[in-house]
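Undergrad:
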Amino acid sequence: MSPTFGVAFGGGGARGLAHIHIIEALDELGIKPVAIAGSSIGSIMGAGMA
């Protein structure tokens, strides 16, 4: 069985730009989280990732 993980993106306006790099890195590595959560800008980024 392979390990599973979830991601949680926080809020903070401009910090949302950091989420873009995390999402890109996970995509490049072919890593898919089993759960995505977020607040404020993090919820918008998480919805986009889902």
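Take the sequence shown: its letters are residues 490 to 539, numbered as in the working numbering.
The beta carbon of each residue, even a glycine, is placed where N, CA and C say it ideally should be.
If you draw a straight line from the alpha carbon of Gly500 to that of Ile525, how long is it in whole angstroms?
TA: For Gly500 and Ile525, the distance between alpha carbons rounds to 14 Å.
Undergrad: Consult DSSP for Gly495 and reduce its assignment to one of helix, strand or coil.
TA: In this structure, Gly495 counts as strand in the three-state DSSP scheme.
Undergrad: On the DSSP bridge assignment, give the partners of Ile525 in chain order.
TA: The partner list for Ile525 (beta bridge, DSSP) reads Val496.
Undergrad: Among residues of its own chain, excluding the 5 on either side of Phe498, which ones have a beta-carbon nearer than 6 Å to its beta-carbon?
TA: Counting only Cβ-Cβ distances below 6 Å, and skipping sequence neighbours, we find His508, Gly527, Gly531, Met534 and Gly535.
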